[in-house]
Every structure is written in C-alpha cells, then in structure tokens.
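Chemist: full-length UniProt numbering numbers the first residue of the sequence shown as 1 and each following residue consecutively.
Sharing a structure with you now.
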Amino acid sequence: MLHSGFNFLLCVVAILCINLLCVESFYPSKCVETERQALLKFKDALIHSKVNLTSWKGEECCKWEGISCHNLTGYVTSLNLKPFDYTKAVGGKLDYSICELQHLISLNLDNIGLEGKIPKCIGSLGKLIELKLMYNNFFGVIPPSLGNLSNLQTLDLSHNYLTANDLEWLSHLSDLRYLDLSEVNLTLAIDWLSSISKIHTLSELHLFGCGLHQVTPKSISYMNTSISLKSLDLGENSLNSSILPWVSNVGKVLITLDLSFNQFKGSKPLFEITKLASLQHLDLSHNELSGSFPHTIGQLSYLQELFLSSNKFNSVIIETHLSNLSHLRILDVAHNSLSFNLSLDSVPPFKLFALYASSCTLGPKFPVWLKHHGELRVLDISSSGISDSFPKWFWNLSSSLIYLNVSYNKLNGPLPKSIPNMKFSILENSSTINSDRHLSCS
1 MLHSGFNFLL CVVAILCINL LCVESFYPSK CVETERQALL KFKDALIHSK VNLTSWKGEE
61 CCKWEGISCH NLTGYVTSLN LKPFDYTKAV GGKLDYSICE LQHLISLNLD NIGLEGKIPK
121 CIGSLGKLIE LKLMYNNFFG VIPPSLGNLS NLQTLDLSHN YLTANDLEWL SHLSDLRYLD
181 LSEVNLTLAI DWLSSISKIH TLSELHLFGC GLHQVTPKSI SYMNTSISLK SLDLGENSLN
241 SSILPWVSNV GKVLITLDLS FNQFKGSKPL FEITKLASLQ HLDLSHNELS GSFPHTIGQL
301 SYLQELFLSS NKFNSVIIET HLSNLSHLRI LDVAHNSLSF NLSLDSVPPF KLFALYASSC
361 TLGPKFPVWL KHHGELRVLD ISSSGISDSF PKWFWNLSSS LIYLNVSYNK LNGPLPKSIP
421 NMKFSILENS STINSDRHLS CS
C-alpha cells in the first residue's frame, strides 16, 4: 500500500514538472533588461538603424528581428543581421556594448557595412560557437583575445581590411572546425602554418589572398599535425611547391583544393596533387605549371571540377587522360598550349556542364566529340584553330547553352535566329554566311 502511494506521488510530481515545462515553452521568459539596453546601444552606433531595424523597439527584445533568446532564461543567444534585405548597408561601428551579451552563442554581422576595429572584449564572450564578421570594413590588427573563445567552431573574418602579425592565438581554439581569414594581411605572420597545424579539429580552411609566402621544407618536416581537412583554399598567395608536403599530410580526405594564383612551376605539383584521391574540386589556374598533361589525373575518379587555365602546359589531351573521370562537370584548360585529339566516335564517361578551352587547339575540323555533351551550358572554344562549318547537330546541342564563345575562328554557315536560353554569345571574327545576321539572345 505504501509502495503504491509512493508511485502515485511520483506520477503527480512528474505531471506537474511536465506541465511546468510546457508553460515555460508557451510563455518564455522575457528579455533581460540589461541586455535590451546593450542592444539599444549597439543599435545607436549604427548609421542606418532607423531604416533597417524598425522592429527594435518596445520591451520585448527577444521578438526583435535577428534576435534569438533562451526560452527559459530570456538571455540573448543569437544576434544575426544577415537575413535582412537591406535597402542600405547598416554601416557604423561595432559598439563595445555587444560584449554585455555574455550568453551569445552565435554572432553573425555579415556584409552590413561595419567599420572600425573589432572590439577586444569580444574575446570575453566565452559561449560563442559561431562568429561571422565577413564582408565589412573592419581594419587594424585582429585582437588576439579571440583566442579565449574556446568553444568557437566557426570563425569568419574574411574580406575586411584586417591584419595579423602572428596567429598563435588560433592554436587555443581547440574546437574550431571552420576558419576563413581570406584577405587578412598575414605577410608578417610567419607562424601561420605551425599555428593552424595545432587546430586538430579543423576541417575547412580559407586563406585566399593573405600574402602568404613560401615555407621552408625544414619547418614542415618538424610539424606533426593530425588535421584532416575537407576544404582548403590557399589561392592568390605567393606559395610554391614547398607547401605540398603539408597539403598532402592534411589532405587525405580533401574534397576541395584551391591553389590558384600562386607560384607553382613545372610538372611535379600536379603530379603530387593527383595522389589526393578524394578530390572533387581542384583549382590550379594562373600558375606556371608546364610539361605534359598528366595521365595521373585519372586517379581523381571523384573529380567534378578541374581548373587549369593560364598555365604553360604543352601537350596533347587524348581519351585515356579523361577515361576515368566519370563525374567531371566543369573542365577549364583555357590559355595553355594544349591540343585535343579525341576520336570522332569516342563517347566520354562524363557529361560536361562547362568547357573552357580558349587558345587550345581543337581544329581544324569542328570538334565532333562535343555532340556527346548535350548538357553543356557554357562553351568557350574561342581562338581554337577551327576552320569549318557549324554542323547541324551543334544547333540542337546549343539549345541548352547560356554562354557561347566561338570568336577568332574561321567558322562559316548560317546562324539560327535565336537560341532560347542563351544569355550571351560572342562570334566576332568568325566568318559566317549571312554575316549581317546576329544571334538573338533571350
């Protein structure tokens, strides 16, 4: 009897607790007054806040646009101004009052025209998991106090006017997964590689246009890292082959690799990179790569996008180069001394979405193998040595094209009055029958 009474009491307590939780969920705690005042100070430091933050009034700040609060405590947990469709950039400065929001988990002020320096006190927001301040006009040195944000998983300070003299503070972000410092001036941060190598949780790294220079092979040999990156962007720097051992070390499961606009030379870099078998996107454009188009490119069987334009390759591309690339959708080999020698009846294992082969040799006959790529949306075969007529099948193929460039060839034949989906076409210096007729683009 006593036992059953105790069970009944437990059931009553459980029901009361459930009801209390339901009440709390339907009637969440109100905005904390000190945080409401902090948000108003933050708003006052913005230039166009009256236009863009019209909902920021009244007592209940948890209902303001871009604000999320904890249901039980009422503390502000997220400030996200990104989703708004601004008539003007908000502009202004990031006020220190932001640091009074000590329960913030996410701070996203992406592309709203903020300027000035990043407040050092942001390093005191110890619960932050996500910090995004990209595409603003912040300047000055990135405050090393950001290294105190030990729970941070996403950090994006890209596309501002920031500098960093060292990156040692990054090594304290032990839970960081995503890092984008693109266009941050890192010319003085000689420790960039060693600091980043200590972030063992990192899976995505973007350092595009940071002024990075070559690293010494000796420094890499002493570097022990367990990083396993899925995406790596080191484009538009001054890097050379000395970085490749590190890339190979961290890139065993790499999906996206961008090393464009650097100083890679010769045939070795591409040969080494083709060992990264999981790659789906590879950009080595605008370097000084030379020699033959490597047969080892076929090792990248998952490759979807290949960008090798503006290098110094000098060879012939044949079927065996491409026979294993069944997922290839974009091929860009423009502005190389490459010749395509693909048999007329060969059916490729892939369907291209875009082909950029300007200044390569595809002629003198019109490349018949293009008819197998019925999903082409972008085609640039300008200056490719073609002296021929437009084949009839090409105009059937072109119904899917949105961009066509066949200029600086010797093509002849009538043109259709229009191609329904095409947005842009360039036919200059192509000899055509009825030369006064131009394609009409919808």
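Here a beta-carbon is modelled for each residue, glycine too, at the ideal position from N, C-alpha and C.
1. Since PHE138 and ASP95 are thought to touch, with beta carbons under 8 Å apart, how far apart are those beta carbons, to the nearest angstrom?
2. Under 8 Å, do LEU289 and LYS265 count as touching if we go by C-beta distance?
3. Nearest by alpha-carbon distance to PHE394: which of LEU338, ILE255, GLN102 and LEU415 is it?
4. Can you tell which of PHE261, ASN262 and THR296 has its C-alpha closest to the C-alpha of residue 444?
5. Quick check on the burial criterion: 16 or more other C-beta atoms within 10 angstroms. Buried or exposed for PRO269?
6. Check whether the region 125-142 and the region 46-66 are in contact - that is, three or more C-beta pairs closer than 8 Å.
7. SER78 and CYS99 look like a contact to me (Cβ under 8 Å); what is the Cβ gap, rounded to whole Å?
8. Please classify GLU375: is it buried, with 16 or more other beta-carbons within 10 angstroms of its beta-carbon, or exposed?
9. Could you tell me which residues DSSP puts in a beta bridge with ASP180?
10. Determine the closest residue to residue 453 out of ALA164, ASN324, TRP192 and VAL333, with distance taken between C-alpha atoms.
11. What are the residues that DSSP puts in a beta bridge with PHE307?
12. Using only alpha-carbon positions, find the residue among ASN412, HIS286 and LEU239 that is nearest to LEU212.
13. Could you check the C-alpha separation between CYS121 and SER260 for me, to the nearest Å?
14. Leaving out five residues before and five after PHE26 in sequence, what residues of the same chain have Cβ atoms less than 6 Å from its Cβ?
15. Given a threshold of 16 other Cβ atoms within 10 Å of its Cβ, counted over all protein chains shown, does LEU179 qualify as buried or as exposed?
16. By Cβ distance below 7 Å, which residues in the same chain neighbour LEU159 in space, the five residues on each side in sequence not counted?
17. For SER337, name the three-state secondary structure that DSSP assigns.
18. Applying the criterion that 16 or more other CB atoms from any shown protein chain within 10 Å of the CB defines a buried residue, is PRO367 buried or exposed?
19. With the cut-off set at 8 Å, would you say ASP332 and TYR356 are in Cβ contact?
20. Is the CB-CB distance between SER106 and ASN80 below 8 Å?
21. Determine the burial state of HIS200: buried for a count of at least 16 other Cβ atoms within 10 Å of its Cβ, exposed for fewer.
22. Which residue wins for smallest C-alpha separation from ASN52, given the options ILE112, SER197, HIS103 and GLY140?
23. For ILE190, which option in PRO364, HIS206, THR216 and SER55 has the closest C-alpha, if you only look at C-alpha atoms?
24. How many angstroms separate the CA atom of LEU186 from the CA atom of LYS423?
25. So what does DSSP say about THR187, is it helix, strand or coil?
26. Taking C-alpha atoms, which residue in GLY291, GLU168 and ASP233 lies nearest to ASN314?
27. Can you tell which of ASP258, LYS132, ILE419 and THR274 has its C-alpha closest to the C-alpha of residue 461?
28. Buried or exposed for SER310, going by 16 or more other Cβ atoms inside 10 Å?
29. Quick check: does the Cβ of THR34 come within less than 7 Å of any heavy atom belonging to the ligand COA?
30. My output table needs one value for ASN412: the three-state DSSP class, helix, strand or coil.
31. Using the Cβ count rule (16 or more neighbours within 10 Å means buried), how would you classify GLY197?
32. Use the C-beta contact count for SER425: other C-beta atoms within 10 angstroms, 16 or more gives buried, fewer gives exposed.
Modeler: This is what the structure gives:
1. No, PHE138 and ASP95 are not in contact; Cβ-Cβ is about 13 Å, not under 8 Å.
2. Yes, the Cβ-Cβ distance between LEU289 and LYS265 is below 8 Å.
3. LEU415
4. A question about residue 444 goes unanswered here, because the residues of the chain that appear run from 1 up to 442.
5. buried
6. no
7. At roughly 16 Å, the Cβ-Cβ gap does not stay under 8 Å, so SER78 and CYS99 are not in contact.
8. exposed
9. ASP180 pairs with ASP156 and HIS206.
10. For residue 453 there is no data in the structure shown, the boundaries of the chain being 1 and 442.
11. ASP283 and ASP332
12. LEU239
13. For CYS121 and SER260, the distance between alpha carbons rounds to 36 Å.
14. Confidence is the limiting factor: at PHE26 the pLDDT is only 46, short of 50, which leaves the residue's position unreliable, though a coordinate-based value still follows. No residues qualify anywhere along the chain.
15. buried
16. The amino acid occupying residue 159 in the given sequence is His; Leu does not appear at that position. Excluding sequence neighbours, HIS159 sits near MET134, TYR135, SER182 and GLU183.
17. In the structure shown, SER337 sits in a strand (DSSP, three-state: E or B).
18. buried
19. Against a cut-off of 8 Å, the Cβ pair of TYR356 and ASP332 comes out as a contact.
20. yes
21. exposed
22. ILE112
23. THR216
24. 40 Å
25. Here THR187 sits in coil by DSSP.
26. GLY291
27. The chain is shown from 1 up to 442; residue 461 falls before or after that span and cannot be answered.
28. buried
29. Of the ligands one can find in the structure shown there are none, so the ligand COA has no counterpart to examine.
30. It is a strand residue.
31. It should be noted that the sequence gives Ser, not Gly, for residue 197. Buried, by the Cβ-count rule.
32. buried
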